[in-house]
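Chains W and H, in that order, give the protein sequences. Counting in UniProt numbering, the first sequence runs from 1 upward without gaps. Counting in UniProt numbering, the second sequence runs from 1 upward without gaps. Reviewing the structure listed below.
There are 2 protein chains.
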Amino acid sequence: MRRPTLEAVAARAGVSRATASRVVNGQTTVAPHIRDAVLRAIDELGYVPNSAARSLVTQRTDSVALVVSEPGTRVFSEDPLFSTAIRSASVELEAINKQVVLMLASSPKSHARVERYIAGGHVDGVMLLSMHGADPLPSALSRLRVPVVSYGRPAVPVDIPYVDNDNVGGAEAGVRHLVETGRRRIATIAGPQDMIAGQDRLAGYRNVLRDSDRRSIVAVGDFTRESGAIAMRQLLGDDPGLDAVFVANDMMAVGALQSLRQAGRRVPDDVAVVGFDDVEAAKYTEPPLTTLRHPIAEQAAAMVRLLLNLFEGGPTEPIILPTELVIRESA
Amino acid sequence: MRRPTLEAVAARAGVSRATASRVVNGQTTVAPHIRDAVLRAIDELGYVPNSAARSLVTQRTDSVALVVSEPGTRVFSEDPLFSTAIRSASVELEAINKQVVLMLASSPKSHARVERYIAGGHVDGVMLLSMHGADPLPSALSRLRVPVVSYGRPAVPVDIPYVDNDNVGGAEAGVRHLVETGRRRIATIAGPQDMIAGQDRLAGYRNVLRDSDRRSIVAVGDFTRESGAIAMRQLLGDDPGLDAVFVANDMMAVGALQSLRQAGRRVPDDVAVVGFDDVEAAKYTEPPLTTLRHPIAEQAAAMVRLLLNLFEGGPTEPIILPTELVIRESA
DNA sequence: GTTATTTAAGAGAGCGATCTCTCAACGCGG
DNA sequence: CCGCGTTGAGAGATCGCTCTCTTAAATAAC
Chain W
1 MRRPTLEAVA
11 ARAGVSRATA
21 SRVVNGQTTV
31 APHIRDAVLR
41 AIDELGYVPN
51 SAARSLVTQR
61 TDSVALVVSE
71 PGTRVFSEDP
81 LFSTAIRSAS
91 VELEAINKQV
101 VLMLASSPKS
111 HARVERYIAG
121 GHVDGVMLLS
131 MHGADPLPSA
141 LSRLRVPVVS
151 YGRPAVPVDI
161 PYVDNDNVGG
171 AEAGVRHLVE
181 TGRRRIATIA
191 GPQDMIAGQD
201 RLAGYRNVLR
211 DSDRRSIVAV
221 GDFTRESGAI
231 AMRQLLGDDP
241 GLDAVFVAND
251 MMAVGALQSL
261 RQAGRRVPDD
271 VAVVGFDDVE
281 AAKYTEPPLT
291 TLRHPIAEQA
301 AAMVRLLLNL
311 FEGGPTEPII
321 LPTELVIRES
331 A
Chain H
1 MRRPTLEAVA
11 ARAGVSRATA
21 SRVVNGQTTV
31 APHIRDAVLR
41 AIDELGYVPN
51 SAARSLVTQR
61 TDSVALVVSE
71 PGTRVFSEDP
81 LFSTAIRSAS
91 VELEAINKQV
101 VLMLASSPKS
111 HARVERYIAG
121 GHVDGVMLLS
131 MHGADPLPSA
141 LSRLRVPVVS
151 YGRPAVPVDI
161 PYVDNDNVGG
171 AEAGVRHLVE
181 TGRRRIATIA
191 GPQDMIAGQD
201 RLAGYRNVLR
211 DSDRRSIVAV
221 GDFTRESGAI
231 AMRQLLGDDP
241 GLDAVFVAND
251 MMAVGALQSL
261 RQAGRRVPDD
271 VAVVGFDDVE
281 AAKYTEPPLT
291 TLRHPIAEQA
301 AAMVRLLLNL
311 FEGGPTEPII
321 LPTELVIRES
331 A
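Written as structure tokens, this is what we have:
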């Protein structure tokens with residue numbers, strides 16, 4: 001009760017295996033009536049090509065790895081970034097008939113596993129979702145001479161194409177909005193400084209404050225809601241007179257709103273709040289959050305294009321997608 | 001600059017390909033010094049077995065498909081169920097050295113793609129995340145004679161093992177809690193009735209109400225926040241005197257809380273609210289939500305075990321995991 | 001009508017592993 | 001010293017496909 005092989009199809013259609021193969025692979029050098037006979041045989045037998053055999057000879061697998069290099073729990077739980085990126089990338093890849101092999105690289109041990117797997121030639125290329133600067137994977141994978149693209153600029157200067165959003169520009173736009181609406185003492189809750197997004201958003205904040213002659217007031221969180229709440233309390237302690245805060249991501253902004261409420265500050269009357277990411281929850285906070293939207297889905301699509309270019313020799317410059325200020329009620 | 005083959009390893013170690021293969025696959029019938037020589041050769045050449053060649057002869061691929069059969073957007077966005085399940089299943093599968101191939105089946109077209117892929121023998125087994133009753137995939141896949149396990153009881157009576165949480169029992173526990181805390185007029189916002197979870201949770205609600213001699217008041221939502229808000233307004237219109245509502249999932253409960261606030265009802269003083277799922281957000285609502293927790297991660301792990309049993313002939317009865325009432329402030 | 005050119009289909013050699021079968025070497029009892 | 005069981009290693013078939021090379025037939029050219 002084995003699955004039918006190309007041999008069986010050929011026999012049934014009364015042609016050679018080579019001809020059957022031609023039909024399967026859509027070559028045009030087959031006479032119409034023979035082509036039909038083969039197609040009929042395929043249909044009757046329910047033939048499906050064996051992928052192992054095929055990729056053994058073609059040296060292609062038609063699948064790409066989506067490596068999520070991030071400590072386990074954070075990945076999917078709060079932050080919708082990963083899930084959105086994964087979904088979009090999947091959709092895009094399926095559109096070009098590539099399969100997605102999802103790999104989570106959360107520990108050194110799994111890093112090794114991933115490397116071995118990639119080295120094993122299981123996939124034609126790798127899409128790397130890696131946010132932490134210290135991540136050893138970008139350089140490790142680029143050494144394997146496998147096509148790799150990264151989501152988010154790799155922290156170490158390694159020569160792999162990447163897609164990123166304009167973190168610096170986005171932060172600048174957010175802070176500029178606070179300046180333009182007349183805020184005087186603008187604090188920030190920065191993200192972790194071992195992450196590019198954390199660094200760049202803080203840099204954007206500093207740029208604008210420097211240009212507008214204001215003093216910077218910085219607290220650092222780790223992109224979680226709790227850290228945002230803690231950082232906000234700390235900022236209020238440091239400078240009770242602050243009238244605005246730029247928060248490096250929405251989750252922390254939600255925590256900050258909570259602390260502000262507890263401290264009796266009204267938003268935006270007393271303190272204006274700007275977040276970053278425009279997650280779903282930003283619409284439902286009290287008050288709804290003014291934030292910076294970046295098109296995660298488009299970024300994932302761009303990453304797929306980049307990988308395709310890597311296969312086919314197209315342009316592979318990094319792609320930086322713009323962010324957009326979404327003004328709601330918090331600022 | 002090709003990758004080294006087993007042949008090369010054998011040549012370098014001065015043995016036959018067969019012996020090299022024995023070493024790679026950890027057979028014990030190789031003399032220690034020869035074994036060492038082969039291992040050294042492997043190390044020096046950086047040999048990694050070619051998976052296509054291997055699975056061509058072994059008929060195994062060591063990867064399993066994780067098929068998410070759900071209309072695109074819903075999957076990852078609001079509902080953390082999918083992301084949590086995917087992550088847990090990945091972790092579990094990686095622990096037993098199986099790769100995860102993620103497939104999204106959102107449209108009839110992609111259904112066909114998934115079926116073809118599975119039929120193509122790319123994977124050893126399938127884990128199906130399917131929530132909708134009308135889903136054609138469970139029966140389609142079970143017909144392919146591929147080991148399949150399902151997350152959530154398949155709506156159509158098809159003979160594939162599954163893992164589910166005790167939706168009926170959980171709903172009963174939630175509603176019973178409302179009864180025991182003295183609530184008289186207990187409404188429900190049910191989930192979509194084309195989903196098992198929607199049906200079963202409503203059934204649980206009805207069971208308890210019947211037994212406690214109360215009248216049921218039902219509105220139906222679609223598991224989204226907005227639908228919860230709308231349903232709540234509708235319930236308040238139908239029966240302004242209701243003093244409790246059992247909501248079939250947390251997202252709808254969040255919407256319901258919003259509508260209750262707008263209607264000037266205090267929670268839990270005027271109206272008690274019980275949700276279902278214990279999502280992250282349930283902790284942060286105003287007031288924090290009393291809800292039913294089910295262990296998604298454990299369910300995913302159980303699903304992996306079930307699949308393993310399917311491979312190896314262990315027991316494959318459906319696994320129903322219990323839910324737990326988490327009492328916070330809303331009820 | 002013969003030769004040159006195009007087109008369609010077949011023959012057969014791999015791709016890189018696994019695994020059965022075979023055989024050589026060795027130890028040991030009779 | 002011979003035969004026999006055991007153990008370790010090699011030979012070679014095989015998995016199912018692709019793709020080059022070859023050949024046969026059909027058409028064109030002169």
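Every residue, glycine too, gets a C-beta built ideally from N, C-alpha and C.
Would DSSP call H:L104 helix, strand or coil?
On the second sequence, position 104 is the one that residue 104 of chain H refers to. Reduced to three states, the DSSP call for H:L104 is strand.
Tell me whether H:E172 is buried or exposed, calling it buried when 16 or more other Cβ atoms sit within 10 Å of its Cβ.
Here residue 172 of chain H is taken as the residue at index 172 of the second sequence, counted from 1. So H:E172 counts as buried.
Along the chain, where does the beta strand (DSSP E) that runs through H:D164 open and close?
Here the question's residue 164 of chain H lines up with position 164 in the second sequence. First-last of the beta strand (DSSP E) with H:D164: Y162 to N165.
Give, in chain order, every unbroken run of the alpha helix (DSSP H) that is at least 4 residues long and sits entirely within the region 194–235 of chain H.
Correct list: 196–211.
For the structure I just gave you, are there three or more beta carbon pairs, one from the region 123–138 of chain W and one from the region 148–156 of chain W, closer than 8 angstroms?
Contact between the region 123–138 of chain W and the region 148–156 of chain W is established, with three or more Cβ pairs separated by less than 8 angstroms.
Take the Cβ of W:Q193 as the centre, count every other Cβ of all protein chains shown within 10 Å, and call the residue buried at 16 or more, exposed below.
Mapped onto the first sequence, residue 193 of chain W falls at position 193. Exposed, because fewer than 16 other Cβ atoms sit within 10 Å of the Cβ of W:Q193.
Looking at chain H, is there any beta carbon in it that lies within less than 8 angstroms of the beta carbon of W:S83?
The residue you call residue 83 of chain W lines up with position 83 of the first sequence. Yes, its Cβ sits closer than 8 angstroms to a Cβ of chain H.
Please state whether the Cβ-Cβ distance between H:A248 and H:G198 is less than 8 angstroms.
As a working mapping, residue 248 of chain H is identified with position 248 in the second sequence. As a working mapping, residue 198 of chain H is identified with position 198 in the second sequence. The answer is yes: Cβ separation under 8 angstroms.
8 angstroms Cβ cutoff met for H:A302 and H:L321
In the second sequence, residue 302 of chain H corresponds to position 302, counting from 1. In the second sequence, residue 321 of chain H corresponds to position 321, counting from 1. Between H:A302 and H:L321, the C-beta gap is smaller than 8 angstroms, which places the two residues in contact.
If contacts are defined as beta-carbon pairs under 8 angstroms, then W:A219 and W:L235 qualify, I think. What distance do you get, rounded to the angstrom?
As a first step, residue 219 of chain W must be located in the first sequence, where it is residue number 219. As a first step, residue 235 of chain W must be located in the first sequence, where it is residue number 235. Yes, W:A219 and W:L235 are in contact; Cβ-Cβ is about 5 angstroms, under 8 angstroms.
Where does W:Q99 fall in DSSP's three states?
Within the first sequence, the letter at position 99 stands for residue 99 of chain W. Of the three classes helix, strand and coil, the one that applies to W:Q99 here is strand, per DSSP.
Span separating the alpha-carbon of W:G221 from that of W:V148:
As a first step, residue 221 of chain W is located in the first sequence; it is residue number 221 there, counting from the start. As a first step, residue 148 of chain W is located in the first sequence; it is residue number 148 there, counting from the start. Distance between the alpha carbons of W:G221 and W:V148: 30 angstroms.
Within-8 angstroms CB hit, W:H132 to chain H
Taking the first sequence and counting its residues from 1, the one referred to as residue 132 of chain W is at position 132. By this cut-off, W:H132 is not an interface position.
Does the beta carbon of H:E94 come closer than 8 angstroms to any beta carbon on chain W?
As a working note, residue 94 of chain H is residue 94 in the second sequence. Yes, H:E94 lies at the interface with chain W (some Cβ there is under 8 angstroms from its Cβ).
Based on the DSSP secondary-structure assignment, which residues constitute the bridge partners of W:G125?
Start at 1 with the first residue of the first sequence, and residue 125 of chain W comes out as number 125. Paired residues: W:V64.
Answer yes or no: do W:V64 and W:V123 have a C-beta to C-beta separation smaller than 8 angstroms?
Along the first sequence, read from residue 1 onward, the residue named residue 64 of chain W stands at position 64. Along the first sequence, read from residue 1 onward, the residue named residue 123 of chain W stands at position 123. Cβ atoms of W:V64 and W:V123: closer than 8 angstroms.
Beta-carbon gap between W:A331 and W:H177 smaller than 8 angstroms:
Indexing the first sequence from 1 puts residue 331 of chain W at position 331. Indexing the first sequence from 1 puts residue 177 of chain W at position 177. Yes, they are a contact pair.
Count the CB pairs spanning the region 275–295 of chain H and the region 323–330 of chain H that are closer than 8 angstroms, and state whether there are at least three.
The region 275–295 of chain H is in contact with the region 323–330 of chain H.
Taking 7 angstroms as the limit between beta carbons, can you name the residues of its chain near H:D238, skipping five residues before and five after?
By 1-based counting over the second sequence, the position of residue 238 of chain H is 238. Cβ neighbours of H:D238 beyond the five flanking positions: I217.
Can you give the beta carbon distance from W:G170 to W:G204, rounded, assuming they're within the 8 angstroms contact cut?
Taking the first sequence and counting its residues from 1, the one referred to as residue 170 of chain W is at position 170. Taking the first sequence and counting its residues from 1, the one referred to as residue 204 of chain W is at position 204. Rounded to the nearest angstrom, the Cβ distance from W:G170 to W:G204 is 7 angstroms, consistent with a contact under 8 angstroms.
What does H:V101 touch in chain W if you count any residue whose Cβ is under 9 angstroms from its own?
Along the second sequence, read from residue 1 onward, the residue named residue 101 of chain H stands at position 101. The answer, in chain order, is S63, Q99, V100, V101 and L102.
Alpha carbons only, please: which of H:N25, H:L141 and H:P161 is nearest the one belonging to H:N309?
Within the second sequence, numbered from 1, the residue matching residue 309 of chain H stands at position 309. Minimum Cα distance to H:N309 is reached at H:P161.
How big is the Cα-Cα spacing for H:I196 and H:E226?
For the purposes of this step, residue 196 of chain H is identified with residue 196 of the second sequence, where counting begins at 1. For the purposes of this step, residue 226 of chain H is identified with residue 226 of the second sequence, where counting begins at 1. Their backbone Cα atoms lie some 21 angstroms apart in a straight line.
Going along chain H in order, which residues have a C-beta closer than 7 angstroms to the C-beta of W:L56?
Residue 56 of chain W sits at position 56 when you count from the first residue of the first sequence. Residues of chain H with a Cβ closer than 7 angstroms to the Cβ of W:L56 are, in chain order, A52, A53 and L56.
Would H:A300 pass as an interface residue toward chain W - the criterion being a Cβ-Cβ separation below 8 angstroms?
If you number the second sequence from 1, residue 300 of chain H lands on position 300. False, the Cβ-Cβ gap to chain W never drops below 8 angstroms.
Can a CB atom of chain H be found closer than 8 angstroms to the CB of W:F76?
What you label residue 76 of chain W is simply residue 76 of the first sequence in a count that begins at 1. Unreliable positioning characterises W:F76 in this predicted model, as indicated by a pLDDT of 46, which lies under 50. A coordinate reading is not provided.
Where W:V168 falls, given that 16 or more other Cβ within 10 Å makes a residue buried:
For the purposes of this step, residue 168 of chain W is taken as residue 168 along the first sequence, with counting starting at 1. Result: buried.
As assigned by DSSP and simplified to three states, the class of W:T290
By 1-based counting over the first sequence, the position of residue 290 of chain W is 290. Here DSSP, grouped into helix, strand and coil, assigns W:T290 to strand.
Which of the three DSSP states is assigned to W:V57 in this structure?
Within the first sequence, the letter at position 57 stands for residue 57 of chain W. The answer is helix: DSSP assigns W:V57 an H, G or I state.
Excluding the five sequence neighbours on either side, which residues of its own chain have a C-beta within less than 6 angstroms of the C-beta of W:E92, listed in chain order?
Mapped onto the first sequence, residue 92 of chain W falls at position 92. Excluding its 5 nearest sequence neighbours in each direction, W:E92 has C-beta neighbours in its own chain below 6 angstroms: A301 and V304, listed in chain order.
Which residue comes first and which comes last in the alpha helix (DSSP H) that contains H:A10?
Looking up residue 10 of chain H in the second sequence gives position 10. For H:A10, the enclosing alpha helix (DSSP H) begins and ends at L6 to A13.
On the criterion of 16 or more Cβ atoms from any shown chain inside 10 Å, does W:V267 qualify as buried, or is it exposed?
The count along the first sequence starts at 1 and reaches residue 267 of chain W at position 267. Label assigned to W:V267: buried.
By the criterion of Cβ-Cβ separation under 8 angstroms, what are the contact partners of H:R113 in chain W?
Taking the second sequence and counting its residues from 1, the one referred to as residue 113 of chain H is at position 113. Per Cβ cutoff of 8 angstroms: E94.
DSSP three-state call for W:Y284: helix, strand or coil?
Indexing the first sequence from 1 puts residue 284 of chain W at position 284. In the three-state DSSP reduction, W:Y284 falls in the coil class, being neither helix nor strand.
Between which two residues does the alpha helix (DSSP H) containing H:I189 stretch?
As a working note, residue 189 of chain H is residue 189 in the second sequence. Segment I186 to A190 is the beta strand (DSSP E) holding H:I189; no alpha helix (DSSP H) there.
Counting only the same chain and skipping the five closest in sequence on each side, list residues whose C-beta sits under 8 angstroms from that of W:G125.
As a working mapping, residue 125 of chain W is identified with position 125 in the first sequence. Result list for W:G125: V64, A65, V146, P147, V148, V149, L307, L310 and F311, in chain order.
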